Amino acid sequence: MSSTAAQADFWWKNAVVYCCDVETFYDSDGDGCGDIVGLVRKLDHLADLGVTCLWLMPFYPTADRDDGYDITDWYGVDDRLGSLGDVPPLVRMARERGMRVIVDLVVNHTSADHPWFRSALRGTDSPHRDYYVWRSDPPPDTSDEVVFPDQEDGIWTKDEASGEWYLHRFYRHQPDLNVGNEAVRDEITKVMGFWLELGVSGFRVDAVPFLVNPDTTDGHGHAPDPHDFLRYLREFLSRRHGGAIMLGEVNLPRDEQCHYFGGHDGDELDMQFDFVGMQHTYLALARHDARVLADSLRARPGIAARSQWATFLRNHDELTLDKLSDAERQEVFDAFGPEPEMQLYGRGLRRRLPPMLGEDPAGDQRRLRMAYSLLFSLPGTPVLFYGEEIGMGENLDVEGRQAVRTPMQWSSKVNGGFSRAEPDRLPNPVTTGAYGPEHVNVADQVDDPDSFLAFVSHLARRYRQSPELGWGDIEVLDTGHDHVLAHVMRWEEKVMLALHAFDDVPVTVEVSFADDEHDGYLTDLLDGSHVPIGDDGRVEVPLAGYGYRWLRLRTPADDRLA
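In the UniProt record's numbering, the protein residues as written are 1 to 562.
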């Protein structure tokens with residue numbers, strides 16, 4: 001297969017993914033709630049940013065007790081957000097702008113208000129009883145297994161009518177599905193097939209380790225191989241839509257994560273978030289020392305050629321730090337979330353990155369820009385959470401994880417230009433203070449070539465022009481400077497050296513290229529400058545405090561073709 005064909009078939013290997021919460025993105029009709037029509041009106045913003053894959057957080061009918069993740073119907077759109085008829089135009093208009101759409105697949109549990117669970121509660125002879133996981137004997141203490149320790153004290157809740165307990169890894173109003181049951185598997189594939197027919201290009205699969213649950217059975221007392229289900233879904237996607245993907249949320253140590261990619265052919269998840277790399281990035285930022293991230297990148301396991309890591313600095317939940325040691329986590333807390341109200345569940349932060357790195361948006365932007373340059377230059381596919389492109393902050397007055405799910409800030413107008421409704425009708429209050437919309441918004445940045453929005457757009461374009469970042473092999477170099485990360489990406493004839501300084505100390509970094517890479521020079525893809533390569537292959541690169549450089553190797557042959 002040619003490299004061009006490979007890039008077309010495996011489009012996600014060089015995608016720029018943008019996570020959007022429809023409810024908080026743009027309100028088109030003034031009712032206070034964002035909607036799909038509003039999202040359509042803002043697609044040009046995403047296209048200009050350089051987004052090629054739009055990931056929609058849950059927009060399905062919901063009991064709305066967990067930000068849409070407690071779903072009551074997978075085949076519809078919540079009335080607050082629009083109608084099912086709004087989806088095909090969204091997908092079509094996104095595709096016209098070069099963007100694919102993927103949607104959240106939340107199928108390890110349902111809402112307790114889902115018709116299946118209501119049926120299951122009617123008795124043990126209900127046709128939907130085995131759609132869920134039950135036990136007849138009292139459960140042991142499971143307080144150490146709950147996902148939200150401030151909300152639940154165990155993962156089993158008693159159904160008083162039958163005297164049995166049902167499983168819920170999350171909230172008690174979100175009972176776990178029995179995915180070992182063939183009927184449940186069939187229902188899940190129907191859901192996937194439905195959305196594929198409406199034009200989506202895949203799914204971000206929620207809470208995958210809970211989906212492949214060893215507690216599930218096939219209805220005959222047998223526990224099937226949990227990973228069989230992921231292979232089953234991958235095969236189904238391949239039959240229905242060869243280019244569709246599954247991007248999995250698997251927050252496990254990397255050696256365990258690799259099982260979810262599948263075998264040598266990558267026959268399970270196509271992509272997974274690199275939670276470990278993200279957490280080591282924050283530890284490196286807190287320490288002003290790149291070595292922990294360098295070690296993490298060296299230790300990142302190899303994966304199948306068709307598989308991919310998704311890199312990110314901020315996801316839509318708490319910024320989890322659960323893979324760090326207690327002492328390491330405390331270092332990050334001390335640096336970026338010292339107040340108890342900034343922390344969540346004892347394992348993470350409910351903050352966005354810009355306020356962590358500076359007290360105001362006009363502060364030291366060098367560190368923030370270095371962090372996003374790093375994100376786009378790491379091997380993998382970068383994922384942005386809405387508002388990151390303008391440097392939005394959080395609102396700590398909003399409870400829990402909702403602190404980072406405030407309305408998108410489009411302008412300095414009332415409600416940040418998100419809605420013309422009264423403020424008390426919004427899904428969450430707009431961010432206030434130094435990071436409020438009067439200081440941070442799209443309108444003020446869109447025509448400013450020096451704005452953060454322009455910078456992130458530049459990074460996205462350069463990433464899309466650099467296939468080695470999505471496809472290449474990484475080599476982490478020893479620079480002799482603890483605060484400098486240097487890594488080389490190689491793919492086919494393309495070679496890129498990326499340098500990032502984690503401290504405010506200007507240095508000159510010396511690196512060496514391979515013998516067959518001496519005959520050329522380096523071009524900085526971010527500022528257009530050139531750096532010569534010595535006859536011995538050594539390069540000396542000046543790097544400012546919190547500096548960053550993307551240096552593409554160019555040879556005389558490249559110049560002849562230019």
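Note that the Cβ used here is the ideal one computed from N, Cα and C, for glycine as well.
The model shown is predicted, which means the values in this text are computed figures rather than measured ones.
In DSSP terms, what residue i is bridged to
{"i": "Lys-42", "result": "Per DSSP, none; premise fails for Lys-42."}
{"i": "Cys-33", "result": "According to DSSP, which records beta bridges pairwise, Cys-33 is partnered with nothing at all."}
{"i": "Leu-497", "result": "Val-488, Leu-551"}
{"i": "residue 611", "result": "Missing from the structure shown is residue 611; the chain here goes from 1 to 562 and no further."}
{"i": "Ile-474", "result": "Met-489"}
{"i": "Gln-465", "result": "Answer is none; Gln-465 lacks a bridge partner."}
{"i": "Phe-312", "result": "Val-383"}
{"i": "His-483", "result": "Beta-bridge pairing links His-483 to no other residue."}
{"i": "Met-115", "result": "The amino acid occupying residue 115 in the given sequence is Pro; Met does not appear at that position. Bridge partners of Pro-115: none, in fact."}
{"i": "Phe-203", "result": "Val-103, Met-246"}
{"i": "Glu-540", "result": "Glu-510"}
{"i": "Thr-124", "result": "The partner list for Thr-124 (beta bridge, DSSP) is empty, contrary to what the question assumes."}
{"i": "residue 606", "result": "This structure does not reach residue 606, given that the chain is present from 1 up to 562, and the question cannot be answered."}
{"i": "His-530", "result": "Thr-523"}
{"i": "Trp-134", "result": "Tyr-166"}
{"i": "residue 569", "result": "The question about residue 569 has no answer, for the chain in this structure spans 1 to 562."}
Beta carbon of residue i nearer than 8 Å to that of residue j
{"i": "Arg-552", "j": "Thr-523", "result": "yes"}
{"i": "Ala-421", "j": "Gly-30", "result": "yes"}
{"i": "residue 578", "j": "Leu-81", "result": "Nothing about residue 578 can be read from this structure; the chain reaches only from 1 to 562."}
{"i": "Val-101", "j": "Val-200", "result": "yes"}
{"i": "Phe-261", "j": "Thr-189", "result": "no"}
{"i": "Tyr-26", "j": "Trp-55", "result": "no"}
{"i": "Ala-460", "j": "Gly-50", "result": "yes"}
{"i": "Asp-270", "j": "Trp-11", "result": "no"}
{"i": "Arg-97", "j": "Ala-47", "result": "yes"}
{"i": "Gln-279", "j": "Leu-321", "result": "yes"}
{"i": "Leu-485", "j": "Ala-294", "result": "yes"}
{"i": "His-227", "j": "His-259", "result": "yes"}
{"i": "Pro-175", "j": "Thr-110", "result": "yes"}
{"i": "Gly-528", "j": "Ser-512", "result": "no"}
{"i": "Asn-415", "j": "Pro-427", "result": "no"}
{"i": "Ile-71", "j": "His-114", "result": "yes"}
{"i": "Asp-150", "j": "Ser-143", "result": "no"}
{"i": "Tyr-69", "j": "Asp-206", "result": "yes"}
{"i": "Phe-455", "j": "Arg-366", "result": "no"}
{"i": "Gln-409", "j": "Pro-437", "result": "yes"}
{"i": "Lys-158", "j": "Pro-253", "result": "no"}
{"i": "Pro-532", "j": "Tyr-548", "result": "no"}
{"i": "Ala-498", "j": "His-487", "result": "yes"}
Presumed contact (8 Å Cβ cut-off) between residue i and residue j, rounded CB distance
{"i": "Thr-311", "j": "Val-383", "result": "7 Å"}
{"i": "Arg-490", "j": "Glu-468", "result": "6 Å"}
{"i": "Gly-417", "j": "Pro-354", "result": "Rounded, the Cβ-Cβ distance is 19 Å, inconsistent with contact."}
{"i": "Asp-130", "j": "Asn-181", "result": "5 Å"}
{"i": "Val-147", "j": "Arg-122", "result": "Actually they are not in contact, since the Cβ atoms of Val-147 and Arg-122 sit about 28 Å apart, beyond 8 Å."}
{"i": "Asn-213", "j": "Val-184", "result": "With a Cβ gap of about 11 Å, Asn-213 and Val-184 do not count as contacting."}
{"i": "Ile-390", "j": "Val-440", "result": "6 Å"}
{"i": "Phe-229", "j": "Asn-108", "result": "Between Asn-108 and Phe-229 the Cβ distance is about 11 Å, and since that is not below 8 Å, they are no contact."}
{"i": "Ala-8", "j": "Cys-53", "result": "Ala-8 to Cys-53, Cβ: 14 Å. No contact."}
{"i": "Val-332", "j": "Leu-283", "result": "6 Å"}
{"i": "Val-476", "j": "Arg-298", "result": "5 Å"}
{"i": "His-241", "j": "Leu-196", "result": "5 Å"}
{"i": "Arg-234", "j": "Glu-268", "result": "6 Å"}
{"i": "Tyr-386", "j": "Asp-21", "result": "6 Å"}
Chain E contact for residue i (CB, 8 Å cutoff)
{"i": "Leu-375", "result": "Here chain E cannot be found, since the structure has a single protein chain."}
Problem set entry | Cβ pair count under 8 Å reaching 3, the region 359-379 against the region 465-474 | Touching, yes, given that three or more Cβ pairs across the two stretches are closer than 8 Å.
Problem set entry | Any 3 or more C-beta pairs closer than 8 Å across the region 314-330 and the region 451-467 | Per the Cβ contact rule, the region 314-330 is not in contact with the region 451-467 (fewer than 3 Cβ pairs under 8 Å).
Exercise. So, do the region 388-407 and the region 347-356 have three or more beta carbon pairs nearer to each other than 8 Å?
Worked result: Cβ pair count under 8 Å is three or more, so yes.
Exercise. Given 8 Å as the limit, is there contact between the region 267-276 and the region 242-256, that is, 3 or more CB pairs closer than that?
Worked result: The region 267-276 is in contact with the region 242-256.
Problem set entry | Length at least 4, wholly inside the region 321-354: the alpha helix (DSSP H) runs in chain order | Runs of the alpha helix (DSSP H) inside the region 321-354: 326-336.
For this session: Tell me the start and end of each unbroken beta strand (DSSP E) in the region 38-108 that is at least 3 residues and wholly inside, in chain order.
Result: Qualifying beta strand (DSSP E) stretches, in chain order: 53-56, 100-105.
For this session: Write down every uninterrupted run of the alpha helix (DSSP H) in the region 234-303 whose length is 4 residues or greater and which is fully enclosed by it, in chain order.
Result: For the region 234-303, whole alpha helix (DSSP H) runs of length 4 or above, ordered along the chain, are 254-261, 275-287, 291-299.
Exercise. Looking at C-beta atoms only, is the number of pairs between the region 33-47 and the region 80-100 that lie closer than 8 Å three or more?
Worked result: Yes, they touch.
For this session: Evaluate the contact criterion for the region 284-293 versus the region 494-503: three or more CB pairs, one atom per stretch, below 8 Å.
Result: The region 284-293 is in contact with the region 494-503.
Exercise. Hey, which unbroken runs of the beta strand (DSSP E) at 3 residues or more fall wholly within the region 148-215?
Worked result: Qualifying beta strand (DSSP E) stretches, in chain order: 156-159, 164-167, 202-205.
Problem set entry | Unbroken stretches of the alpha helix (DSSP H), 4 residues or longer, contained in the region 365-423 | Listed in chain order, the complete alpha helix (DSSP H) runs (minimum 4 residues) inside the region 365-423 are 365-377.
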